[in-house]
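So the protein lines, in turn, are chains A and B.
For the first sequence, position 69 (counting from the first letter as 1) is numbered 206 according to this note's numbering, and the numbering increases by one without interruption.
For the second sequence, position 115 (counting from the first letter as 1) is numbered 411 according to this note's numbering, and the numbering increases by one without interruption.
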Amino acid sequence: SQTIHQWPATLVQPVGSPLSLECTVEGTSNPNLYWYRQAAGRGLQLLFYSVGIGQISSEVPQNLSASRPQDRQFILSSKKLLLSDSGFYLCAWKGTGDTGELFFGEGSRLTVL
Amino acid sequence: AQKVTQAQTEISVVEKEDVTLDCVYETRDTTYYLFWYKQPPSGELVFLIRRNSFDEQNEISGRYSWNFQKSTSSFNFTITASQVVDSAVYFCALRPGPNDYKLSFGAGTTVTVRA
Chain A
138 SQTIHQWPAT LVQPVGSPLS LECTVEGTSN PNLYWYRQAA GRGLQLLFYS VGIGQISSEV
198 PQNLSASRPQ DRQFILSSKK LLLSDSGFYL CAWKGTGDTG ELFFGEGSRL TVL
Chain B
297 AQKVTQAQTE ISVVEKEDVT LDCVYETRDT TYYLFWYKQP PSGELVFLIR RNSFDEQNEI
357 SGRYSWNFQK STSSFNFTIT ASQVVDSAVY FCALRPGPND YKLSFGAGTT VTVRA
């Protein structure tokens with residue numbers, strides 16, 4: 138069966154520090170992968186998605202970036218964090234078939250101080 | 297552009313009451329998919345149900361049921377005989393078109409079920 142994992146689960150970082158959140162999927166090959174952010178008390182905002190290795194589409198201009206160095210690995214990064222980057226980050230993969238439901242990881246809670 | 301609106305911010309009920317969550321969507325696509333997700337306090341989003349735009353038959357799955365009305369662009373979700381474990385944030389989501397695999401989410405409705 139397919140599984141998705143994110144780490145770290147919780148992160149507290151100072152403003153201006155770098156960021157790296159990792160997401161890996163097991164049990165499937167060449168999945169579509171997604172990074173969403175959920176600000177406190179708000180809905181989910183799509184940040185990036187990827188349809189294959191090295192292929193990244195950005196939905197929202199910001200100081201974050203994403204990379205897909207391997208088929209089942211998706212990384213969210215920043216060179217210098219801002220206070221506004223605080224939030225709950227969720228990685229997801231698209232299930233097989235055409236219906237397109239996404240399956241999410243456990244999430245990574247980032248607090249920028 | 298696609299848009300999903302969940303007008304209810306919070307709903308509080310007593311255990312065993314039914315809870316209906318409203319969702320209204322906007323899309324120009326004729327083929328699209330609608331979803332409901334549950335986010336318990338742990339934070340992980342859990343996929344609950346899916347509906348295709350070309351199938352308006354409403355269904356029941358256990359204590360969950362949904363009412364898809366294409367004429368009013370609504371996709372409401374009902375939890376029957378609510379339980380404390382149903383307390384969570386519920387999100388409605390829209391996937392527009394057969395070739396677009398990005399989901400747009402509503403702002404979520406927080407459901408609190410009191411014992």
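Each residue gets a CB set at the ideal place from its N, CA and C atoms; glycine is no exception.
(request) State the DSSP-derived secondary structure class of B/Thr376, mapped to helix, strand or coil. (result) For B/Thr376, the secondary structure class from DSSP, reduced to helix, strand or coil, is coil.
(message) In the DSSP assignment, the beta strand (DSSP E) including B/Asn348 goes from what residue to what residue?
(response) First-last of the beta strand (DSSP E) with B/Asn348: Val342 to Asn348.
(request) Go ahead and pull the three-state DSSP assignment for B/Lys366. (result) B/Lys366 carries a helical assignment under DSSP once its states are collapsed to helix, strand and coil.
(request) Measure from the alpha carbon of B/Gln353 to the alpha carbon of each residue in B/Ile345, B/Trp332, B/Ser369 and B/Phe364, then state which is nearest. (result) Between B/Gln353 and the set B/Ile345, B/Trp332, B/Ser369 and B/Phe364, the nearest pair of CA atoms involves B/Phe364.
(request) Could you please tell me which residues of the stretch 389-400 of chain B, in chain order, have their CB closer than 9 Å to any CB of chain A? (result) Listed by position along the chain: Ala389, Arg391, Pro394, Asp396, Tyr397, Lys398, Leu399 and Ser400.
(request) Starting from A/Arg246, trace the beta strand (DSSP E) both ways and give me its first and last residue. (result) Judged by DSSP secondary structure, A/Arg246 falls within the beta strand (DSSP E) whose first and last residues are Ser245 to Val249.
(message) The beta strand (DSSP E) that contains B/Val385, what's its start and end?
(response) It spans Ala384 to Pro392 - the beta strand (DSSP E) in which B/Val385 sits, taken as one unbroken run.
(request) Taking B/Tyr329 as the query, report the chain A residues whose CB atoms sit under 7 Å from its CB, ordered along the chain. (result) One finds Thr236 and Gly237 in chain A with Cβ atoms closer than 7 Å to the Cβ of B/Tyr329, taken in chain order.
(message) Need the endpoints of the beta strand (DSSP E) that A/Tyr171 sits in, please.
(response) Here the beta strand (DSSP E) through A/Tyr171 covers Leu170 to Gln175.
(request) Sort B/Ala403, B/Pro394, B/Lys312 and B/Asp318 by Cα distance to B/Arg359 and report the nearest one. (result) If you compare the alpha carbons of B/Ala403, B/Pro394, B/Lys312 and B/Asp318 with that of B/Arg359, the shortest gap goes to B/Lys312.
(request) With DSSP collapsed to three states, give me the class of B/Leu330. (result) Of the three classes helix, strand and coil, the one that applies to B/Leu330 here is strand, per DSSP.
(message) Once DSSP output is grouped into helix, strand and coil, what is the label at B/Val381?
(response) In the structure shown, B/Val381 falls within a helical segment according to DSSP collapsed to helix, strand and coil.
(request) List the residues of chain A whose Cβ lies closer than 9 Å to the Cβ of B/Phe371, in chain order. (result) Ordered by position in chain A, no residue passes the 9 Å Cβ test against B/Phe371, which lies about 14 Å from the chain.
(message) Taking the alpha carbon of B/Tyr328 as the reference point, which residue from B/Val342, B/Thr316, B/Leu317 and B/Arg346 has its own alpha carbon closest?
(response) Of B/Val342, B/Thr316, B/Leu317 and B/Arg346, the residue nearest in Cα terms is B/Arg346.
(request) Pull up the DSSP beta-bridge partners for B/Gln335, would you. (result) DSSP lists B/Val385 as partners of B/Gln335.
(message) Only counting the same chain, and skipping five residues up and downstream in sequence, which positions put a Cβ closer than 8 Å to that of B/Val309?
(response) The beta carbon of B/Val309 is closer than 8 Å to those of Val315, Ser378, Val407, Thr408, Val409 and Arg410 in its chain, skipping five residues each way along the sequence.
(message) If contacts are defined as beta-carbon pairs under 8 Å, then A/Thr161 and A/Gln199 qualify, I think. What distance do you get, rounded to the angstrom?
(response) Rounded to whole angstroms, the Cβ separation of A/Thr161 and A/Gln199 is 23 Å, and the two are not in contact under 8 Å.
(request) Spell out whether any CB of chain B is found under 8 Å from the CB atom of A/Leu227. (result) Taking CB atoms only, A/Leu227 has a neighbour in chain B less than 8 Å away.
(message) In whole angstroms, give me the CA-to-CA distance for B/Glu306 and B/Ile375.
(response) Between B/Glu306 and B/Ile375, the C-alpha separation is close to 15 Å.
(request) Say whether chain A places a C-beta atom closer than 8 Å to the C-beta of B/Glu306. (result) In terms of beta-carbon proximity, B/Glu306 stays away from the interface with chain A, with every pair separated by 8 Å or more.
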